[in-house]
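A short write-up of the structure that comes next.
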Amino acid sequence: MKRLESLTYIGLLAVLVLGAYIRFIPILETGTEWLADLDPYRNLRAVNEVISNCRMPLFDNLSAAPNGTYATYSTSQGYYMLSSALTLISGSSASLFLSFSPVIYEVALLLVVYVFGTEVANSRWAGLFAAFFVAIPRGWAMISLIGTCPLAENLGAVVFPLVLLLFWKCTVQKRKSFLLFSGLLLGISLLIHPVTYFYLVITIFVYVVLMCIIKRHGRMLVIGLEVLVISFFAVLIQFFSIRDFGYLSSFTHGALWLASLQPVYPVIDFYVVFYEVGGLVLFLSLMAFILVFLDRKWNYLILASCSIVMFGIIAMSLVVSLRPLLANVPFGAFIILSHRVMMPYLPLVLSLLGGIFVAEYLLPWVRTDNKLKCQISFKKAVAAFVLIIVFIAVSLPSIQSSLEYSANYKWASWAKKYAPLFKWAKDNTNASDVFILNEISLGEVVKTIAKRPIVFTLSYQDLVTPNLVKRMWLQSSVFIKGYDENLAQRLLYEFNVSYVIVIKNQSNLDILNKKYVFPAPDDSFPLYLQWMDSKEYLERIYSDLNLGFYVYFVHRDRLFNGEISLPEVEP
404 MKRLESLTYI GLLAVLVLGA YIRFIPILET GTEWLADLDP YRNLRAVNEV ISNCRMPLFD
464 NLSAAPNGTY ATYSTSQGYY MLSSALTLIS GSSASLFLSF SPVIYEVALL LVVYVFGTEV
524 ANSRWAGLFA AFFVAIPRGW AMISLIGTCP LAENLGAVVF PLVLLLFWKC TVQKRKSFLL
584 FSGLLLGISL LIHPVTYFYL VITIFVYVVL MCIIKRHGRM LVIGLEVLVI SFFAVLIQFF
644 SIRDFGYLSS FTHGALWLAS LQPVYPVIDF YVVFYEVGGL VLFLSLMAFI LVFLDRKWNY
704 LILASCSIVM FGIIAMSLVV SLRPLLANVP FGAFIILSHR VMMPYLPLVL SLLGGIFVAE
764 YLLPWVRTDN KLKCQISFKK AVAAFVLIIV FIAVSLPSIQ SSLEYSANYK WASWAKKYAP
824 LFKWAKDNTN ASDVFILNEI SLGEVVKTIA KRPIVFTLSY QDLVTPNLVK RMWLQSSVFI
884 KGYDENLAQR LLYEFNVSYV IVIKNQSNLD ILNKKYVFPA PDDSFPLYLQ WMDSKEYLER
944 IYSDLNLGFY VYFVHRDRLF NGEISLPEVE P
């Protein structure tokens, strides 16, 4: 084996260490008992339920309080089952395994990306540079892969490029084995996370259409249909698992509301893409995209097709007038919530295109034959080495940014701070008591740690409820001054709320103004507490001044329970 070829393996090892270390930093910061980001505790509850019941549960009495819902475990079933099995095999707790899972999946992802780039470009350098670029994103591009964030996208990120690679090999080599494996893995991707399946299906469709137009070969259309048919086993599993398909339409409605609130976290723009993917990778991938069509490099068309799909989704999500229409389309929520594109599918595709451009056009002296035997002179080897050093130097700010982002990702530390609140709730309240918090994200932790139902969070099972708007009115009218007091009392009565929790200096949903606000700045917080204390139906029964949380008991017999109409507010 040539020395230069050996260097790619050394480089790959370095990239694996770098990527794993970045994802490991939050574990060093917060340990393995506390999970971070979005709604990972829904995943933890699901895995624990599978381990306890030895099967996938259907009903979750902690979600969508006070009645519970069938929606909680209707998606990501494959992810839950695999995580449960690996937890049992490892002999660890579900929290411990889920904490380490991003590191495990990151190594698998980088290996898949390396193989993808190597196969498509017939150059190990393409795979190496692509893996390097994947290892150092930030923001939404990293958030689903970082530290103790065991979302299903961790596994979906590995499956996504693997399906594309297998389908590409199926179209190029026309072997039935690749057709079968790509179809089966495509179906499994639906069980891991529906958004992964959706993006893959759209990408495959666009790729097949472009190949039919360019190559004038109708056989491509047949191959695409065959792969989709093979994947339908997973569609049937989901069909029989979801009791009420109204949840799907409710989710798109919830996505429409999320996109209407300010600041609009779930909708990203092209500036976010530039900032988080990085100007270098964007430039290289754009050059590769252009050269796919100029030089007729149809081997790379599947990646170009994927980038067209991803950027198209971002563009559509930014058109506000288009969102109501998308909310009435199946899977429209995956377009409205365009941050899902950055978690982590778009960065993978752009990194692969960027790595291909480096190997194909910036390292033209590194050529390989079909046996991957490098032919290179000493001068070209020196030039290649210098170019690699330059790329690493240019990428140092991105590496530093990724390390800092990972080190400053304090969600788990913030949640851990309120452990006394969770313990008090578990020790001093009944399992059926319903809670409402002004800090929406913390509600999911209360569900899992204290095992108490919460009226409203931003987790999936609460967004799919048909009375989502009513729950948002409850959230706003209870915690924000200026709302109708009778409305707050009536909704507290209707949702059978027993405890109201105020967390100091946390934002809350203001449905009238469609934004997240701080109900009380730090300097006026004592006046805010006086306002809460003055409500005759609320009684403060527990508080921690150091941690800044206050628990109020709701006297149900003092609540207004007459008829009242909700003001109409459209997303």
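All you need for this note's numbering is the position in the sequence shown, starting with 1, plus 403. Just so you know, even glycine gets a beta-carbon here, dropped at the ideal spot from N, CA and C.
Simplified DSSP assignment, three categories, for residue i
| i | result |
| --- | --- |
| residue 625 | helix |
| residue 941 | strand |
| residue 536 | helix |
| residue 422 | helix |
| residue 918 | strand |
| residue 936 | helix |
| residue 867 | coil |
| residue 778 | Residue confidence for residue 778 is low, a pLDDT of 48 falling below 50, so the modelled location carries little weight and cannot support an answer. |
| residue 912 | strand |
| residue 585 | helix |
| residue 524 | helix |
| residue 931 | helix |
| residue 862 | coil |
| residue 792 | helix |
| residue 769 | Only weak support exists for where residue 769 lies, its pLDDT of 47 falling under 50; the value from the coordinates is given anyway. Coil. |
| residue 952 | strand |
| residue 857 | strand |
| residue 397 | Shown here, the chain extends from 404 to 974; a query on residue 397 therefore has no answer. |
Beta-carbon proximity of residue i to residue j, cut-off 8 Å
| i | j | result |
| --- | --- | --- |
| residue 558 | residue 610 | no |
| residue 656 | residue 871 | yes |
| residue 956 | residue 907 | no |
| residue 789 | residue 825 | no |
| residue 662 | residue 740 | yes |
| residue 519 | residue 568 | yes |
| residue 671 | residue 717 | yes |
| residue 946 | residue 914 | no |
| residue 468 | residue 857 | yes |
| residue 473 | residue 462 | yes |
| residue 982 | residue 749 | No answer is possible for residue 982: the residues shown for the chain start at 404 and end at 974. |
| residue 839 | residue 893 | no |
| residue 687 | residue 757 | yes |
Classification of residue i by the beta-carbon crowding that lies within 10 angstroms, buried from 16 upward
| i | result |
| --- | --- |
| residue 500 | buried |
| residue 488 | exposed |
| residue 698 | exposed |
| residue 888 | exposed |
| residue 642 | exposed |
| residue 513 | buried |
| residue 425 | buried |
| residue 533 | buried |
| residue 760 | buried |
| residue 564 | buried |
| residue 933 | exposed |
| residue 965 | exposed |
| residue 595 | buried |
| residue 801 | buried |
| residue 622 | exposed |
Beta strand (DSSP E) segment containing residue i, residue limits
| i | result |
| --- | --- |
| residue 671 | From DSSP, residue 671 is part of no beta strand (DSSP E); its letter is neither H nor E. |
| residue 904 | 900-906 |
Where the alpha helix (DSSP H) containing residue i begins and where it ends
| i | result |
| --- | --- |
| residue 838 | Not the alpha helix (DSSP H): residue 838 falls in the beta strand (DSSP E), residues 837-840. |
| residue 455 | 443-456 |
| residue 606 | 597-618 |
| residue 479 | That residue, residue 479, is in no alpha helix (DSSP H); it is neither H nor E in DSSP. |
| residue 813 | That residue, residue 813, is in no alpha helix (DSSP H); it is neither H nor E in DSSP. |
| residue 563 | 556-576 |
| residue 758 | 749-760 |
Cβ separation of residue i and residue j, assumed to be a contact under 8 Å, to the nearest whole Å
| i | j | result |
| --- | --- | --- |
| residue 454 | residue 478 | With 8 Å as the limit, residue 454 and residue 478 do not qualify as a contact, their Cβ atoms being about 19 Å apart. |
| residue 432 | residue 828 | With 8 Å as the limit, residue 432 and residue 828 do not qualify as a contact, their Cβ atoms being about 26 Å apart. |
| residue 538 | residue 418 | 5 Å |
| residue 590 | residue 635 | 7 Å |
| residue 457 | residue 606 | With a Cβ gap of about 36 Å, residue 457 and residue 606 do not count as contacting. |
| residue 919 | residue 554 | Going by Cβ atoms, the distance from residue 919 to residue 554 rounds to 22 Å, so no, they are not a contact pair. |
| residue 540 | residue 679 | 6 Å |
| residue 526 | residue 867 | Wrong, their Cβ atoms sit about 46 Å apart, outside the cutoff. |
Within-8 Å CB hit, residue i to chain D
| i | result |
| --- | --- |
| residue 510 | Judged by its chain identifiers, the structure shown contains no chain D, having just a single protein chain. |
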